[in-house]
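Number of protein chains: 2
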Amino acid sequence: MTKQERATRTRDALISSAAREFERHGYALATLSAISSGAGVSPGALHFHFENKAAVACAVEDEACATLRRTARIVYGRRSNALQNLADTSHALARLLRDDVVVRAGFRLSCADDSRTELNLRQEWQSCVQQRLAEAADEGLLAAGTGRQQDLARMIVAATIGLEALCRDNDEWLSPRSVTSLWRTLLPMLADPGALDGLEPAGSPAVTGLVHAPVG
Amino acid sequence: MTKQERATRTRDALISSAAREFERHGYALATLSAISSGAGVSPGALHFHFENKAAVACAVEDEACATLRRTARIVYGRRSNALQNLADTSHALARLLRDDVVVRAGFRLSCADDSRTELNLRQEWQSCVQQRLAEAADEGLLAAGTGRQQDLARMIVAATIGLEALCRDNDEWLSPRSVTSLWRTLLPMLADPGALDGLEPAGSPAVTGLVHAPVG
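Here the protein sequences come in this chain order: Y and Z. Residue 143 in full-length UniProt numbering sits at position 143 of the first sequence, with consecutive numbering throughout. Residue 11 in full-length UniProt numbering sits at position 11 of the second sequence, with consecutive numbering throughout.
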């Protein structure tokens, strides 16, 4: 292992340890000494990579953002239609939020009032939902009389962000079963009856493997 | 003003000040000295009412819970049917979360991992949604083919809890317009067409006055 590889590995270990500490104690009470010892490195090694706690938190947010965006791009690359892609993307992001502590902690840091970055991953998700729904309308997938597209987008954003909030009590809310239940209820309300048969609330087969396997 | 009245007034001022501090800095960073000075009383007066910060936080949660439950009971007393009552209750609780800092801070404290009480107001709301939907089914208000009642309840809980989470970035998400938009989208999906005409997404007139006027 080169010196460069060792440094990258240490930095990744520090980011994971920080995410665990932020999740356990919140940003305010997390300490640099717990972060370095959780990563199995000395405080000096931490300071080689990060100036202070705010810098570690920025790195956690950046890493979460990169993972979520990369996954959304991969899922978009396998799209069949815009409504299915929206369901598929929500399944893939839910899996990351459930299984990856850096994504979870970074997502929450980015949404907090005292966030140290310009990122707000909740707002990015909202833009994604609005774009997919506009595409679904262009593709003739939305049922007549489903109301204004903006109202639909707000409802989908509220329901999916609600799953993330509820997951803080009970992580079953972000399980594949729970996300599938949401789309099983929403899709018949959103989709044109002619399009509905082709839509899979549990995620399309092209993406299911991705959803259940590690991404990276 | 009697001694008893003065004590009650001081206690209420301390609870409001604590709610503002918890909202501004989070529970972990809020200090007793900021809470007492925010209430315009001495640290000694605070200690007369509350042993420590945890005790103040419990009082904020209890007060929020009492206000939310009392309001839900009043709205229930004016019910016409179960679906309208669900929309009406969500409007009334959204108003409290938007306008009353004690309700907002207490709600969030009760949902936090490190909550100091047995209360979880998110779970209470979930039970309320489940009960109203079961009543709506008994009253024949739900459309045929809306899927399983449990899926519907989960979606409504997720969407409404999502509004509260999103409101932390932008309080427009809990505005009457936003809550109305949600029900304008949901009610045609939930309600039997025969029942839909009688349902008012903006809240029923019997409750609208209550929603826009102080409760207590």
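Ideal placement from N, C-alpha and C gives every residue a C-beta, glycine not left out.
- Burial state of Gln126 (chain Z) is buried, judged by a 10 Å Cβ sphere holding 16 or more other Cβ atoms.
- In the DSSP assignment, Ala134 (chain Z) falls within the alpha helix (DSSP H) that extends over Leu121 to Asp138.
- For Glu164 (chain Y), the enclosing alpha helix (DSSP H) begins and ends at Gln149 to Cys167.
- When rounded, the separation of the alpha-carbon atoms in Gln149 (chain Z) and Ala34 (chain Z) is 47 Å.
- Taking a contact as a CB-CB distance under 8 Å, the pair Val207 (chain Y) and Asp88 (chain Y) counts as one, their CB atoms being some 4 Å apart.
- Between Met155 (chain Z) and Leu182 (chain Y) the beta-carbon gap is near 6 Å, inside 8 Å, which marks them as a contact.
- Assignment of Ala143 (chain Z) by DSSP, reduced to helix, strand and coil, places it in the coil class.
- Straight-line measurement puts the Cα of Asn85 (chain Y) at about 7 Å from the Cα of Tyr76 (chain Y).
- Ala191 (chain Y) has Y:Leu142 as its beta-bridge partners, per DSSP.
- Legend: CB atoms of the region 176-204 of chain Z lying less than 8 Å from CB atoms of chain Y belong to residues Ser178, Ser181, Leu182, Arg184, Thr185, Leu186, Pro188 and Met189.
- Straight-line measurement puts the Cα of Lys3 (chain Y) at about 42 Å from the Cα of Asp169 (chain Z).
- A contact is defined here as three or more CB-CB pairs under 8 Å, and the region 35-51 of chain Y fails this definition with respect to the region 64-81 of chain Y.
- Looking only at Z:Phe107, Z:Gly194 and Z:Leu166, the smallest Cα-Cα distance to Asn120 (chain Y) is reached by Z:Leu166.
- Looking at the backbone, the Cα of Ser110 (chain Z) and that of Ala144 (chain Z) are separated by about 37 Å.
- With its beta carbon at least 8 Å from every one in chain Z, Val41 (chain Y) lies outside the interface.
- Here Asn85 (chain Z) carries a helix assignment [DSSP, helix/strand/coil].
- With a contact defined as Cβ atoms closer than 8 Å, Ala158 (chain Y) and Ala136 (chain Z) miss out at about 20 Å.
- Thr10 (chain Y) sits close to Val41 (chain Y), with the two beta carbons spaced by under 8 Å.
- For the 8 Å CB-CB criterion, Ala105 (chain Y) and Phe22 (chain Y) form a contact.
- The criterion of a C-beta distance shorter than 8 Å is not satisfied by Ser17 (chain Y) and Ala45 (chain Y).
- Interface with chain Y (8 Å Cβ-Cβ cutoff): Gly26 (chain Z) is included.
- Within the region 122-136 of chain Y, the residues whose Cβ lies closer than 9 Å to any Cβ of chain Z are, in chain order, Arg122, Gln123 and Gln126.
- Between Gly203 (chain Z) and the set Z:Asp192, Z:Leu190, Z:Val179 and Z:Ala191, the nearest pair of CA atoms involves Z:Val179.
- Check the Cα spacing between Ile15 (chain Y) and each of Y:Ser37, Y:Val56, Y:Arg24 and Y:Arg73: the tightest is with Y:Val56.
- Those residues of the UniProt domain "HTH tetR-type" (8-68) of chain Y placed with their C-beta closer than 7 Å to a C-beta in chain Z are Gly26, Ala28 and Leu29, ordered along the chain.
- Under the three-state reduction of DSSP output, Phe48 (chain Y) falls in the helix class.
- Spatial neighbours of Glu63 (chain Y) in its own chain (CB-CB distance under 7 Å, excluding positions within 5 residues in sequence) are listed in chain order as Ile15, Val102 and Gly106.
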